[in-house]
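Asker: Below are the structure tokens for one structure; questions will follow.
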């Protein structure tokens, strides 16, 4: 029963992310075909269509693609932040030894790809895209792994999920530190003050998601105007959401024990209502918000992001031999599995970590290949690094090509190694 309570939410999460990966693929294919069709002008016009919000003398007007990349992606990063906090507080990253393997692998999976990209683009104009191959697209990676069904040990799924979450944290730090425009210090200070108020509200027992949402809107706007990318507001807000339950499990168990002792129908109805109330109080605000956001992010926000960002013109100049495309391609396809496997091996050999049960080095290498599916975060960082033009199109070519090859290669390696390890 205890194992079921732990594993069922995780398995539900994997299923949700897997189907979201299918939608991402469909949206990306639609975007690519649209951008290279006679309707390409309509595709570009859609992205550049302006939309504004105003209240009295205040107003904010942006192109649709910027609303997607600045606002919708902030909600995506809010979910990422919630997952990061949960993993560090009660999940796989809460115990040092269990956390060391995915953390070491994630570090290698960020450092080695960035170094490969920088080596390919050394001294060239494409060097600004060095962060492109650093992150893993968790939806795509888990979606591909899910194709293998029950042959995949749960420990390997947990390892990939934790690795991708740490990857995302690293990508957030890279965006905040290296892909930030000129700072408006007063706006940044105001944003941090709002974040401190949200944090204080959570610390003193505040649980209303609506109040956190209000803090989040103000924090997002101030972060947008500060020059720090607005998506960072989503992660900062996530860290303010409490994980404390209103009632602890022992209290809930004691109250349940006193219910349903009467055969009276009306009394039983009252007890049912009390159970519903206890269920509400058994969940933390972080749990409720995370589960509310998951379907919106997986089935709406990420496919919309792909539709707006995956389309690029496959011109005569498009070539994987171009430094930006080659750096992104090699960084994801070669740097990711090499960095993941090398740093994981060092962590295990030093005694700081251990391989998950029923997982060998072959399966770990295959998982490292799946980590080379960069897609969402890689395209996002490419957009921040280049803004537009030929360099951005080259980056998209490298990212999408590497993601396809990494998906097929990772699936093939896992099919072979898992069959061998089962024998």
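Numbering (the working numbering), first residue to last: 1159 to 1581. Glycine included, each C-beta is placed from N, C-alpha and C at the ideal position.
#1: Can you confirm whether residue 1348, when its beta carbon is compared against all beta carbons of chain B, has any partner nearer than 7 Å?
#2: Within the continuous beta strand (DSSP E) that includes residue 1212, where are the two ends?
#3: Quick one: what's got a C-beta closer than 8 Å to residue 1162's C-beta in the same chain, skipping five residues either side?
#4: Using a threshold of 7 Å, state whether the C-beta atoms of residue 1284 and residue 1479 are closer than that.
#5: Sorted by chain position, which residues of the same chain lie with C-beta nearer than 7 Å to residue 1455's C-beta, five sequence neighbours on each side aside?
#6: Run the CB neighbour count on residue 1330, radius 10 Å, all protein chains shown included, and call it buried at 16 or more, exposed below.
#7: I'd like the span of the beta strand (DSSP E) that includes residue 1216, first residue to last.
#8: Can the beta-carbon of residue 1505 be found less than 7 Å from the beta-carbon of residue 1556?
#9: Using the Cα positions of residue 1186 and residue 1562, report the straight-line distance between them to the nearest angstrom.
#10: Quick check: the Cα distance between residue 1265 and residue 1326, rounded to an integer number of angstroms?
#11: Are the beta-carbon atoms belonging to residue 1568 and residue 1522 less than 7 Å from one another?
#12: If I follow the unbroken alpha helix (DSSP H) through residue 1271, where does it start and stop?
#13: Just how far apart, CA to CA, sit residue 1247 and residue 1194?
#14: Can you look up residue 1508 in the DSSP assignment and give me helix, strand or coil?
#15: Grouping DSSP H, G and I as helix and E and B as strand, with all else coil, what is residue 1295?
#16: May I have the straight-line CA-CA distance separating residue 1530 from residue 1401, to the nearest angstrom?
#17: Residue 1343 lies in the alpha helix (DSSP H); which residues open and close that run?
#18: What's the call for residue 1497, buried or exposed, on a 16-neighbour Cβ count within 10 Å?
#19: Run the CB neighbour count on residue 1213, radius 10 Å, all protein chains shown included, and call it buried at 16 or more, exposed below.
#20: Is residue 1239 near residue 1393, with beta carbons less than 7 Å apart?
#21: If you measure between the beta carbons of residue 1389 and residue 1231, is that distance less than 7 Å?
#22: Specify, as a first and last residue, the run of the alpha helix (DSSP H) that residue 1485 falls within.
#23: Output the boundary residues of the alpha helix (DSSP H) element that contains residue 1460.
#24: Which residue from 1575, 1272 and 1310 puts its Cα closest to that of residue 1294?
#25: Considering only the beta carbon of each residue, do residue 1466 and residue 1226 sit closer than 7 Å?
#26: Relative to the alpha-carbon of residue 1373, which residue among 1386, 1354, 1362 and 1387 has its alpha-carbon at the smallest distance?
#27: Can you find at least 3 beta carbon pairs, one from the segment 1302-1309 and one from the segment 1533-1545, that sit closer than 8 Å?
#28: Give the single residue among 1244, 1257, 1489 and 1537 whose Cα lies nearest to the Cα of residue 1278.
#29: Quick check: the Cα distance between residue 1164 and residue 1443, rounded to an integer number of angstroms?
#30: Short of 6 Å in beta carbon distance, which residues of its chain neighbour residue 1515, apart from the five on each side in sequence? Order them along the chain.
#31: Need the endpoints of the alpha helix (DSSP H) that residue 1392 sits in, please.
#32: Whole angstroms are fine: how far does the CA of residue 1554 sit from the CA of residue 1468?
#33: So the alpha helix (DSSP H) residue 1539 belongs to, where does it begin and stop?
#34: Could you name the residues of the same chain whose beta carbon sits closer than 7 Å to that of residue 1462, not counting the 5 residues immediately before and after it, in chain order?
Answerer: With the structure as the only source:
#1: Of the protein chains in this structure there is only one, and it is not chain B.
#2: Boundaries of the beta strand (DSSP E) harbouring residue 1212: 1208-1213, taken from the DSSP string.
#3: Because residue 1162 carries a pLDDT of 49, less than 50, the predicted location of this residue cannot be relied on, and the following value inherits that uncertainty. Excluding positions up to five away in sequence, the list is empty.
#4: no
#5: 1233, 1234 and 1237
#6: buried
#7: 1216-1221
#8: no
#9: 12 Å
#10: 11 Å
#11: no
#12: 1254-1278
#13: 46 Å
#14: coil
#15: coil
#16: 32 Å
#17: First-last of the alpha helix (DSSP H) with residue 1343: 1343-1361.
#18: buried
#19: exposed
#20: yes
#21: yes
#22: 1481-1488
#23: 1460-1467
#24: 1272
#25: yes
#26: 1354
#27: no
#28: Per the Cα distances, 1489.
#29: Low local confidence applies: a pLDDT of 45 at residue 1164 is under 50, so the model's placement there is unreliable, and no value is given.
#30: 1313
#31: 1390-1396
#32: 7 Å
#33: 1533-1544
#34: 1226 and 1230
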